[in-house]
Structure formats: structure tokens, C-alpha cells
Amino acid sequence: MSAGSEQADIGLRRRIGASLRPEEDAAPLVEHARGMTLRQVVRRFWPRLRPLRGWLLLGVVLMMVVPLVEIAEILLFERLVDDVLVPAEWRPLLWLAVVYVGLNLASAVASGLDDIVATWVSQRFLLDLRTDSFRHVLSLPLHVHERRRLGDVLSRLTSDVAAVEAFLVGNLSAALDSGLRLVLFTGALVHLQWELALASFVVVPALWWISTRFAAFVRRLARERRRRAGSLSAVTEEHLAHGALVQAYNREEQTVAAYHRQNRAIFGAEMAGARVRSLFLPLVDLTELAGTLVVVALGVWALHTDRLTLGGLLAFLALLAQCHKPVRELADLIPSLYAASAGVERIVELLDEPPPTDRPGARPLSAPVGRVRLDRVSVTYPGAAAPALREVSLDVEPGEIVALSGPSGAGKSTVVRLLTRHLDADEGQVLLDGHPVEELTIASVRDAITVVLQETLLMDATIHDNVAFGRPGASRAEVEAAARAADAHEFVSALPGGYDARVGQRGRSLSGGQRQRVALARALLRGSPVLVLDEPTTGLDAATARRVLEPVRAAATGRSVLLVSHDPVALAFADRVVHLEGGKVLDEEVAR
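Residues in the sequence shown are numbered from 1 upward in steps of one, following full-length UniProt numbering.
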């Protein structure tokens with residue numbers, strides 16, 4: 001984005017937020033996406049339309065039928081005036097009526113088929129793009145998700161994905177339709193009276209100039225509007241997700257005020273757009289009127305010099321009116337394209353986030369045993385000033401529980417992300433069963449390593465479904481066996497509905513310890529040879545923490561268990577404790 005464009009965007013934001021005091025406008029905002037030209041947008045997404053080329057061609061053919069029928073009807077109108085109305089002769093009316101009915105039926109069939117084909121193409125494009133975008137977001141590393149607001153991501157996956165379709169399918173199809181109509185109607189005008197046709201073209205440069213003058217402002221306005229929409233989604237999602245916290249601290253009014261601030265900014269953006277339209281549309285109407293008056297004046301001259309009949313002049317004016325419609329649509333289309341491109345830029349920014357990918361020649365890990373080793377590993381997060389880990393070495397053998405301890409920010413969670421390939425080491429090696437994880441497929445690495453996350457994540461589903469999430473297709477007996485192994489069967493059986501009881505959003509109907517045991521049952525059912533527990537006792541009292549961790553001793557048989565924690569209660573369950581601080585291993589001790 002150029003410096004001039006950035007200054008214009010800043011000025012626009014100031015005008016939109018002029019009614020907000022600086023402290024009011026301090027709500028967290030989503031930054032602008034990188035600007036793209038219209039050509040870059042088309043080049044980026046055109047490959048997605050290539051499989052639909054046959055349908056697009058059919059749509060173009062059907063698109064041409066309707067204006068051709070309209071031209072034929074207008075030319076028949078010339079015959080109706082000159083052969084029926086002027087001489088007051090009714091006999092030609094019969095065949096004219098038959099032809100009119102036939103043309104009307106042909107137009108109806110072509111228009112209906114065109115609508116069906118256009119809808120199929122646009123919805124097929126949207127279906128694939130939405131699915132691919134959602135798949136891409138799910139594949140992104142955890143540190144990418146952490147720096148993005150969930151509400152903004154949701155906004156991009158819904159309204160901004162639709163903007164891609166509006167740009168590439170809707171607007172470009174409309175541009176093609178308007179262009180074809182303009183060419184066909186212009187050809188008919190030249191056929192009727194080329195001198196009047198030339199005179200009617202004087203309005204085209206004026207309309208083009210008006211539309212391009214407004215297009216740049218519309219684009220900046222659309223960017224700001226979509227940015228604010230993303231911010232509104234972020235504020236909404238964050239505060240609704242933490243509704244209990246908001247109520248506990250009596251922050252309802254402040255939360256509503258934050259929501260209201262973003263809505264006021266969107267209101268300002270919409271009003272700015274309304275002011276633009278209030279000036280733009282009358283200018284277009286005035287330009288079209290001026291062109292029509294010029295043609296009418298010259299039409300009188302054409303009648304006087306016998307260059308046109310009355311029917312010909314009326315047909316010419318009807319064709320001219322039909323010409324003005326695609327000209328206006330093309331003029332309106334430039335601002336519409338720029339408005340849609342603001343959403344396209346946001347979805348492209350999301351799609352450009354690189355997900356972890358298998359390296360060339362990567363192979364799946366067969367018959368994993370679960371031997372884990374970090375050999376002098378160093379890693380720095382993208383954009384970070386200092387390394388998260390510095391030459392860290394760690395070994396975990398099957399049947400062993402190794403605790404990774406240290407203060408917040410010591411690098412414990414980074415070790416977990418290295419093991420699951422959400423992050424790759426800058427130096428050193430991460431090995432699984434003696435194989436560098438970079439040489440293995442990501443799917444096979446994650447199949448071999450199961451992580452029970454610090455934030456206990458449960459679906460709004462039944463307990464059975466949450467445990468079975470670890471291994472789709474598991475039988476009821478296998479689910480119950482995993483729950484027994486995690487010491488969850490007793491409390492689950494006591495719930496109304498037992499294993500068919502719903503846990504609520506994020507498992508809120510269960511206590512913290514119960515949620516952890518359901519999560520552990522899910523991990524045990526998966527049966528991976530490596531089990532990682534990331535701060536499993538967070539928020540639990542000592543007795544509940546011991547009850548959650550007791551099944552881990554049995555789970556360690558034949559498994560490598562990495563226990564990430566700084567809780568003394570959790571550390572007591574480990575065979576060895578490795579202490580991290582500042583991304584380095586300070587010492588290692590035998591715990592029991």
C-alpha cells in the first residue's frame with residue numbers, strides 16, 4: 001500500500017470515528033489487510049474457476065440470448081409503428097403478435113436457464129472455497145491462532161469468503177453481461193442510424209470519469225467497514241465466551257459500551273457510504289439525461305431529413321434506453337469491485353498464512369514405540385526478538401514419566417509444539433523413535449503423540465461423543481473402558497443420562513476435575529504411544545489433582561509420558577523432572 005493510500009485510509013478512519021472520543025475508540029481493532037490490485041485478485045483465484053469453464057461458457061451463451069431477443073423485440077416495434085400504427089393497418093399485427101409471443105417464451109427459457117447455471121457456478125465456487133478456507137485455518141500452527149482474534153477469523157470465513165464470490169463470480173459475471181449487452185445494443189444503434197449512435201456515445205466518457213473518481217474512496221470505505229466488522233465480531237465473541245467473567249465482575253455496562261463503540265464506527269462507515277451514493281447516483285442520472293436530450297434533438301433533424309422514420313426513431317430511443325442500463329451497471333461495477341476486493345484482501349491474508357507441510361520425501365511412522373528425544377534444540381517464533389528455546393536436550397523412554405517444569409515463559413509449551421509439528425526447530429533435532437520428525441509425515445507424528453491441553457477442550461456433545469472423539473468408531477464398551485482407566489466412570493454413571501449426558505459448551509456443566517478426566521479418557525482411548533499432559537492440574541485443588549493424575553501411572557505402562565507442569569503435586573508423579581528457565585535446561589533430577 002502506498003504512502004498516499006495509507007494517509008487516505010487514516011483520514012477516512014478519522015472521519016468515520018469523528019463522533020468517538022479517543023479513549024472510546026481504543027477498543028481492539030483488526031488491522032488492514034495488504035492491498036491488492038484487481039488484476040492480482042483475478043490471477044489469485046482464477047485457477048479455482050478453471051474446472052467450471054464449461055459451465056461458464058454455457059452461461060455466456062445464455063447471457064447473449066436475452067439481449068438478442070430484446071433487440072429483436074425493439075426492431076419489431078419499429079415495424080409495429082411504421083406498418084400498423086402510422087398507416088392504421090391491422091393485418092400485419094397478427095404475425096407480429098405471434099413473433100412477439102415466441103420471442104417472449106425464448107427469453108423466459110434462456111433467462112431461467114441462465115439463472116440456474118449462474119447460481120450453480122457461484123454456489124459451487126463458494127462451497128469449495130469455504131471448505132478449503134476452513135481446512136486451511138484448521139491446519140495453521142497454534143501460534144498463528146494465538147495472534148488472531150477468533151471473531152475476526154469467523155468474519156473472514158463467512159462474509160469475506162462471500163466477497164470473493166461476489167468479486168470473481170458475481171461482479172465479473174455482471175461485467176461480462178453488461179459488456180455483452182452494451183456491444184449488442186450499440187451494434188443495433190449503429191445499424192439503425194450511425195450518426196445518432198455516435199452522438200449517444202458522448203455520455204460514456206463522462207460516466208466512466210464519474211465512476212473512477214468515486215471508486216478509490218469506495219475502496220477505502222469498504223476496507224474500513226470490513227475491518228470494523230471484524231473488530232465487532234472479535235469483541236462479540238470474546239465477551240460472550242467470557243460471559244461468566246463479565247457478570248462476576250459487574251462489567252456488563254463496560255462490555256456493552258465496547259460493543260456499542262464498534263457499532264458506532266460501522267454506523268459512521270455506512271453513513272459515509274450513503275453520502276457518496278447521494279452524490280454519485282444523481283450525477284449519473286444527470287449525465288444520462290443530457291445524453292438523451294442530445295439524441296432527441298438530433299432525432300428531430302433525422303426525421304426532418306428522412307434519415308429515420310418515426311418507428312425507427314422510437315426504436316432508436318428504446319435501444320438507447322437499453323444501452324444506458326449496461327453503461328450505468330458498468331459505472332456502478334467499478335466501486336462494487338473495489339468494495340468486494342476489500343473482503344478478498346482479508347481472506348487472501350488468511351490463506352497466505354503458511355501451514356506446516358510435509359517435506360518432500362516424508363514418510364509415515366510405522367509401528368511407533370514412543371521414544372522421544374530433543375537434541376540441542378533451539379527455536380525462535382516468527383517476529384520474536386529472543387529464542388523460545390536454547391540448545392534444549394531431553395529424552396523420554398517408553399514406560400517413563402518425565403516432568404518438564406519451569407516458570408511461565410520458560411519454553412515448556414514450545415517443547416510440546418515441536419513434538420506435534422506446530423513448530424519446527426531452527427537448530428538441533430527433534431526425534432521420534434530415532435527418526436527426525438521433519439522426515440516423517442505430520443499426520444503420522446500427531447497420530448503417535450496425544451496431547452491433553454492445558455485448556456480442557458470439550459465439545460457441546462455427550463460424554464460418550466467427547467471420549468469417542470479420540471478414536472472415531474470406538475464401541476460403547478471401549479469408551480467405558482477408557483473412562484474407567486481415567487477414573488471417570490463413577491461420576492459419569494451418576495449423571496442424569498450417564499454417558500449420554502451433554503456436557504454443555506466447553507464442558508461447563510462439569511467441574512474442572514471432571515473435565516480433565518473426560519479429556520484424559522479421550523486421550524487414553526486414542527492409544528498413542530506418547531502422551532503429553534500440558535499443565536493438567538491448572539485450577540485444581542491438591543486432592544482433585546491427585547485423582548486426575550493417578551490414572552497416569554497406569555497409562556505410563558508401555559507409553560512415554562511427558563508431564564508439563566510446575567505444580568509440586570504433579571511433579572511428584574514423575575520419574576524425572578527437567579527444569580527449564582529462559583528457554584534453557586537448568587538441571588534434571590530423579591523425582592522417585
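Built from N, CA and C at the ideal position, the CB exists for glycine as well.
With a contact defined as Cβ atoms closer than 8 Å, Leu432 and Val451 miss out at about 14 Å. Taken in chain order, the complete alpha helix (DSSP H) segments of 4 or more residues contained in the stretch 203-286 are 203-241 and 243-248.
Fully contained in the stretch 524-585 are the following beta strand (DSSP E) runs of length 3 or more, in chain order: 530-534, 560-564 and 576-581. Boundaries of the alpha helix (DSSP H) harbouring Gly112: Leu93 to Ser139, taken from the DSSP string.
Leu180 and Met64 have their C-alpha atoms some 7 Å from each other. By the 16-neighbour rule on beta-carbons within 10 angstroms, Thr456 is buried. Annotation for Gly54: the continuous alpha helix (DSSP H) segment containing it runs Arg53 to Arg79. Comparing alpha carbon positions, the residue from Ala340, Ala274, Cys323 and Val203 closest to Val284 is Val203. Between the alpha carbons of Leu184 and Leu157 lies a distance of about 39 Å. Under the DSSP assignment, Arg476 falls in the alpha helix (DSSP H) whose first and last residues are Arg476 to Ala485. Contact between the stretch 550-568 and the stretch 389-406 is present: three or more C-beta pairs spanning the two stretches fall below 8 Å. In this structure, the alpha-carbon of Thr287 lies about 7 Å from that of Leu207. Distance from Phe77 to Leu189 at the Cβ level is roughly 14 Å; contact not present, criterion being Cβ atoms closer than 8 Å. Judged by beta-carbon spacing, Glu391 lies within the 8 Å limit of Ser378, meaning their Cβ atoms are closer than that value. Counting only runs that start and end inside the stretch 289-358, there is no beta strand (DSSP E) element of at least 3 residues. Within the DSSP secondary-structure output, Gln429 pairs in a beta bridge with Asp375.
Secondary structure at Leu404: strand, using DSSP grouped into helix, strand and coil.
Rounded to the nearest whole angstrom, the CA to CA distance from Val101 to Glu73 is 10 Å.
Our two residues, Ser366 and Thr420, have alpha carbons roughly 16 Å apart in a direct line. Per DSSP, Val84 lies in no beta strand (DSSP E) segment and is marked neither H nor E. In this structure, Ser133 lies away from Leu330, with their beta-carbon atoms at least 8 Å apart. Contact between His145 and Tyr381 does not hold, since their C-beta atoms are separated by about 13 Å, which reaches or exceeds 8 Å. At the C-beta level, Ala340 and Ala166 come within 8 Å of one another. Thr292 and Phe201 have their alpha carbons spaced roughly 10 Å apart. Following the DSSP letters along the chain, one finds Leu440 in no alpha helix (DSSP H), marked with neither H nor E. In the three-state DSSP reduction, Thr414 falls in the helix class (H, G or I). Per DSSP, Thr380 lies in no beta strand (DSSP E) and is assigned neither H nor E. Our two residues, Arg91 and Ser278, have alpha carbons roughly 50 Å apart in a direct line. Shown here for Leu586: same chain residues with a beta carbon closer than 6 Å to its own, the five before and five after excluded, namely His579 in chain order. Cβ contact annotation for Ala572 (same chain, cutoff 6 Å, sequence separation greater than five): none.
No residue range can be given for Arg502, since it is assigned to no beta strand (DSSP E) and is classified by DSSP as neither H nor E. Here Gly539 is exposed. Its C-beta has fewer than 16 other C-beta atoms within 10 Å. With a beta-carbon spacing of about 15 Å, Ala199 and Val327 fall beyond the 8 Å limit used to define contacts. The C-beta distance from Ala448 to Pro529 rounds to 6 Å, short enough to meet the 8 Å contact threshold. Under the three-state reduction of DSSP, Leu510 is assigned to coil, being neither helix nor strand.
Under the three-pair Cβ rule at 8 Å, the stretch 79-97 does not count as touching the stretch 40-58.
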